[in-house]
Structures are given as C-alpha cells and as structure tokens.
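Inspection log for the structure reproduced underneath, given as structure tokens.
Protein chains: 2
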Amino acid sequence: MEALTVARASLRENLITAAVEQFHIHGYAAASVKDITDASGAAKGSFYNHFESKEALAVVALERYGAGRRLETLRDNSVAPLTRLRQHFEFLRDENIDTEFNRGCLVGDLAVEVADHSEAVRESVRQSQETWADALASAIAEAQQAGDVSKALEPTTLARFVLSAWEGALIAARADRSPRAFEVFFTVVFGQILR
Amino acid sequence: MEALTVARASLRENLITAAVEQFHIHGYAAASVKDITDASGAAKGSFYNHFESKEALAVVALERYGAGRRLETLRDNSVAPLTRLRQHFEFLRDENIDTEFNRGCLVGDLAVEVADHSEAVRESVRQSQETWADALASAIAEAQQAGDVSKALEPTTLARFVLSAWEGALIAARADRSPRAFEVFFTVVFGQILR
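So the sequences go chain by chain: A and B. Every letter in the first sequence is one number past the one before it in the numbering used here, and letter 121, counting from 1, is 103. Every letter in the second sequence is one number past the one before it in the numbering used here, and letter 125, counting from 1, is 107.
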C-alpha cells in the first residue's frame, strides 16, 4: 500500500517535471497531454488520475517553476542587497543563455499565452509575480536602508518595474537571439534605477 | 479581370485583418487556419491561394500590426520629444485598457509563443522591435539635444530598455487585470529614466 502511494506520488512528480519542460519548450497550446505523458514516461490514460485538466497541471507547474527561481537568495542577508539583486538577474540571464535565448520565463510565457483564457492560470501567474516582486522589493528596501539606492521611489514600485523590465528583456533576447537586451537591462537597472 | 484582381486583393486583406485579430485574441497555436478564414468570411480552401502557410500569414500580420502602432507620431517634431514619447505610451496603454488588459502586444505575443519555433516569425518580430526601438531612440535623442534627458546613456540603449519595460508591463497588467503596471511604468520611465 505504501509502495503504491510512493509510486503514485512519483508518477505525479514526473508529470509535473515533464509539464514544466514541455510548456516551457513548446508553449501551452502546443504541448498536448500526450506530449506531457510521453515525456514523463506515464501512460496517457493515467494523466487524469493525477490532474483534473491540463489547466490544473499548468497551475502546479507554475508553482514548481517559481520554486526554482532561487528567490530565497534575494533574502540572504549575508550578501549585500544590491549584490544579491545583481546575482539574481545574472542567474536568470545565464540560465537563458544556456538555453540559447529560447523558452523565456514560464511565468511570462503562460501570462502571454494563457492568462486571457484561464482564470486559474491567470491567478497563478499573478501570484508568482507578486511573490517575485515581494522578494525583489525586500532586497531593494534593504539597499535603500543601506544608502545604496535612492529612496525617491517605493521599493514595491521599483521591484515591479524591474521585474517587468526583465520579462521584456527576455522577449527581446528571444527575438534577437543575443544577450544584447540583457546588457541593456544591467546597464539601465544597475546604472540608473537602483542607485 | 480587374474586378477579379480587386476581389482577390480584398480577400487577402480580409485574411490579414482576421489574422491580426485571431492571433491577438487566441494566440498563434490556438487560432487555426479555419478560425481565420471563418472570421474573414473566406472559404477555408481559399486560404492557400493567398498564403503559403499560417506562418507566412503571421509575418504579414506582424507588419500590419506594426503599421498600426503610430510610430510616425514619435517623429512628429511639431510636438516636444518627451511629450511625444509619453503620448505614444499613453496611446498604447489606453488601447490595452480598452481590451480589458487582454491581448498584450502582438509583437511580444508572437515573440513568446512562436519565435523559438519559426525562424520567419522570429525575424519578423526582431525587425518590428528594431523599427520600434529606432523610432523611440530618435525621439529620445531629440529630448537629449533639447536638454530634457540626460546624455549619460545612448538613445538606443534607453530606447531598447523602455521598449522591454513596456512589453513586460503588458504582461503584468494582463496577469493583474489592472493598470497598476502601467502606472509603475510611467512613474519610473518618465520620473527616473527619461530625465
């Protein structure tokens, strides 16, 4: 009985991992339930034992993806707050360069493709962005306290702006297949906004 | 013969108009050739008399969409350059509010959904972004000449950054179904970047 529960949990895990990958590579509409079950090694029929719908799986996939964004490093106060912020975007940049400027960010991808059509996915994207902006804002507030960033604007305003600028940079890099948009992002964000 | 040519041209026009709308509302994968022919009032079979593929139509749809972005107003030197820049983004913002924060920008939408999978669409998105960034950069350069914007950064750097920040703001507004991301955009872009 216990072995069965473990096997079932592991099948579910495999489906989530496969969904993150398949949605990220192909997009939501283009990645079918069969693509996801095939990639996870599960039988297609087993999908609905674990998830009510592709939409329900997308919500869980977004949570899983968010957990891999290393937001905890933004709160690691053994590192100077501006350094943490820079390292956070360097991590995201390097990840995108590793995938040759493809894929973008799954949060932005599902926002663009699915948010208009699924209230559940829209709400999940919104929460992912809020969590991300909160983590950025808390590091920005610390940088303001440390006197490294002007207090002229609220940390949440700056955080939401920087997050949007990052999502847009991913779009430009994807179209351009080059790191130019990232260079522009670092130049303006760390040279003119967070200072 | 002439009437036939006119009818044919008008059918093609209807297909392009329908494609802009259908891709924008449903996304590229989710909008089928049949959706587009139905929306245009054409018979499905007639599609391939006009376009080789949905991909080829997407390239033309992007050009058509770009032509509606009113980039010419960014070069209208009867208006102060910073005012032109602000009015440009106000126009785009109001358009997005009118569609209840849905749809985003077709350039960004196709970048996210299709650029990884179609070289033709990727190149068309890239060109659209270049044309747009050039128009922004020319107004920013004028604003720098007028002494309204610091010359610390190149106009093209600022233009590309602002364009990315806008594309990202559309993503956040879409997830949030609110104009908050636009307010953040105007606050930071016109309060801190273009000054």
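C-beta atoms are modelled at their ideal positions from N, C-alpha and C, and glycine is treated no differently. Small disclaimer: the values here were computed from a predicted structure and weren't measured.
Original post:
Whose CA, out of A:32, A:105, A:118, A:123, lies closest to the CA of residue 160 of chain B?
Top reply: Walking along the second sequence from the start, residue 160 of chain B turns up at place 178. That would be A:105, whose Cα lies nearest to the Cα of residue 160 of chain B.
**OP:** Any chance you could list the alpha helix (DSSP H) runs of at least 4 consecutive residues sitting entirely within the segment 19 to 92 of chain B, in chain order?
**Re:** 29 to 32, 36 to 49, 63 to 80
Original post:
On the premise that residue 3 of chain A lies in contact with residue 21 of chain A, defined as a C-beta separation below 8 Å, what is that separation, rounded to the nearest angstrom?
Top reply: One-based indexing of the first sequence puts residue 21 of chain A at position 39. One-based indexing of the first sequence puts residue 3 of chain A at position 21. Going by Cβ atoms, the distance from residue 21 of chain A to residue 3 of chain A rounds to 6 Å, so yes, they are a contact pair.
Original post:
To the nearest angstrom, how far is it from the Cα of residue 122 of chain A to the Cα of residue 136 of chain A?
Top reply: Translated into the one-based positions of the first sequence, residue 122 of chain A becomes position 140. Translated into the one-based positions of the first sequence, residue 136 of chain A becomes position 154. When rounded, the distance between both Cα atoms is 9 Å.
**OP:** Could you check what DSSP says for residue 99 of chain A in three-state terms: helix, strand or coil?
**Re:** Within the first sequence, numbered from 1, the residue matching residue 99 of chain A stands at position 117. Coil.
Subject >> Residue-chain proximity (residue 50 of chain B, chain A), Cβ-Cβ < 8 Å >> reply: For the purposes of this step, residue 50 of chain B is identified with residue 68 of the second sequence, where counting begins at 1. It does not: the Cβ of residue 50 of chain B has no partner Cβ on chain A nearer than 8 Å.
**OP:** Specify, as a first and last residue, the run of the alpha helix (DSSP H) that residue 146 of chain B falls within.
**Re:** One-based indexing of the second sequence puts residue 146 of chain B at position 164. That run of the alpha helix (DSSP H) goes 137 to 158.
Original post:
What residue range is occupied by the uninterrupted alpha helix (DSSP H) comprising residue 11 of chain A?
Top reply: Position 29 of the first sequence holds residue 11 of chain A. It is not in any alpha helix (DSSP H) - residue 11 of chain A carries neither H nor E in the DSSP assignment.
**OP:** Specify whether the segment 29 to 43 of chain B and the segment -10 to 10 of chain B touch according to this definition: at least 3 beta carbon pairs, one from each stretch, less than 8 Å apart.
**Re:** yes
**OP:** Return no unless some Cβ of chain B is closer than 8 Å to the Cβ of residue 84 of chain A.
**Re:** Position 102 of the first sequence holds residue 84 of chain A. At least one chain B Cβ lies under 8 Å of residue 84 of chain A.
Original post:
Which residue comes first and which comes last in the alpha helix (DSSP H) that contains residue 163 of chain A?
Top reply: Here residue 163 of chain A refers to the residue found at position 181 when the first sequence is read from its first residue. Residues 162 to 170.
Original post:
According to DSSP, is residue 258 of chain A helix, strand or coil?
Top reply: With chain A covering -17 to 177 only, the question about residue 258 of chain A has no answer from this structure.
Original post:
Between the C-alpha atoms of residue 59 of chain B and residue 72 of chain B, what's the straight-line distance to the nearest angstrom?
Top reply: Locating residue 59 of chain B in the second sequence gives position 77, where the first residue counts as 1. Locating residue 72 of chain B in the second sequence gives position 90, where the first residue counts as 1. Approximately 18 Å, taken between the alpha carbons.
Subject >> Distance, residue 68 of chain B Cα to residue 54 of chain B Cα >> reply: Looking up residue 54 of chain B in the second sequence gives position 72. Looking up residue 68 of chain B in the second sequence gives position 86. One C-alpha to the other measures close to 14 Å.
**OP:** Starting from the beta carbon of residue 135 of chain A, find every residue of chain B whose beta carbon is closer than 8 Å, and list them in chain order.
**Re:** Taking the first residue of the first sequence as position 1, residue 135 of chain A is located at position 153. Residues of chain B passing the Cβ test: 169, 170, 173, 174.
Subject >> Nearest neighbour of residue 57 of chain B, chosen from B:144, B:119, B:127 [CA to CA] >> reply: Looking up residue 57 of chain B in the second sequence gives position 75. Selected option, being the one with the closest Cα: B:119.
Original post:
Name the chain B residues that come within less than 7 Å of residue 90 of chain A, Cβ to Cβ?
Top reply: Residue mapping note: residue 90 of chain A aligns to position 108 of the first sequence, counting from 1. In chain order: 94, 153.
**OP:** Starting from residue 107 of chain B, find everything on chain A with Cβ-Cβ shorter than 7 Å and list it in chain order.
**Re:** Residue 107 of chain B sits at position 125 when you count from the first residue of the second sequence. 157, listed in chain order.
**OP:** Taking the CB atoms as reference points, tell me whether residue 15 of chain B and residue 29 of chain B lie closer together than 8 Å.
**Re:** The residue given as residue 15 of chain B occupies position 33 in the second sequence. The residue given as residue 29 of chain B occupies position 47 in the second sequence. Yes; because the gap between Cβ atoms is below 8 Å, this pair is in contact.
**OP:** Can you say whether residue 9 of chain B is buried or exposed, counting buried as having 16 or more other CB atoms within 10 angstroms of its CB?
**Re:** As a position in the second sequence, residue 9 of chain B is number 27, starting the count at 1. Buried, by the Cβ-count rule.
**OP:** Using the Cα positions of residue 139 of chain B and residue 166 of chain A, report the straight-line distance between them to the nearest angstrom.
**Re:** For the purposes of this step, residue 139 of chain B is taken as the residue at position 157 of the second sequence. For the purposes of this step, residue 166 of chain A is taken as the residue at position 184 of the first sequence. Going by the C-alpha atoms only, they are around 6 Å apart.
**OP:** State the CB to CB distance for the pair residue 11 of chain B and residue 95 of chain B, rounded to an integer number of angstroms; the pair is presumed to be in contact (CB under 8 Å).
**Re:** Reading the second sequence from its first residue, position 29 is the one you call residue 11 of chain B. Reading the second sequence from its first residue, position 113 is the one you call residue 95 of chain B. Contact flag correct, Cβ pair sits at about 7 Å.
Original post:
residue 92 of chain B to residue 153 of chain A, Cα distance in whole Å?
Top reply: The sequence position of residue 92 of chain B within the second sequence is 110, counting from 1. The sequence position of residue 153 of chain A within the first sequence is 171, counting from 1. When rounded, the distance between both Cα atoms is 10 Å.
Original post:
What is the DSSP secondary structure of residue 132 of chain A, counted as helix, strand or coil?
Top reply: Taking the first sequence and counting its residues from 1, one reaches residue 132 of chain A at position 150. In this structure, residue 132 of chain A counts as coil in the three-state DSSP scheme.
**OP:** Look at residue 51 of chain B and residue 114 of chain B and say whether their C-beta atoms are less than 8 Å apart.
**Re:** Mapped onto the second sequence, residue 51 of chain B falls at position 69. Mapped onto the second sequence, residue 114 of chain B falls at position 132. In contact: residue 51 of chain B and residue 114 of chain B (Cβ atoms closer than 8 Å).
**OP:** Under 7 Å Cβ to Cβ from residue 163 of chain B, same chain only, skipping five residues before and after it: list those, please.
**Re:** Along the second sequence, read from residue 1 onward, the residue named residue 163 of chain B stands at position 181. Contacts found: 151, 154, 155.
Original post:
Looking only at C-alpha atoms, which of B:103, B:125, B:-13, B:176 sits nearest to residue 158 of chain A?
Top reply: As a first step, residue 158 of chain A must be located in the first sequence, where it is residue number 176. The shortest C-alpha separation from residue 158 of chain A is found at B:103.
Subject >> From A:132, A:111, A:82, A:99, residue whose alpha carbon lies closest to that of residue 174 of chain B >> reply: Within the second sequence, numbered from 1, the residue matching residue 174 of chain B stands at position 192. Among A:132, A:111, A:82, A:99, the Cα nearest to that of residue 174 of chain B is on A:132.
Subject >> Alpha carbon of residue 107 of chain B to alpha carbon of residue 44 of chain B, nearest angstrom >> reply: As a first step, residue 107 of chain B is located in the second sequence; it is residue number 125 there, counting from the start. As a first step, residue 44 of chain B is located in the second sequence; it is residue number 62 there, counting from the start. Distance between the alpha carbons of residue 107 of chain B and residue 44 of chain B is about 7 Å.
**OP:** Out of A:98, A:89, A:74, point me to the one whose CA is closest to residue 83 of chain B's CA.
**Re:** Taking the first residue of the second sequence as 1, we reach residue 83 of chain B at position 101. Nearest option by C-alpha distance: A:98.
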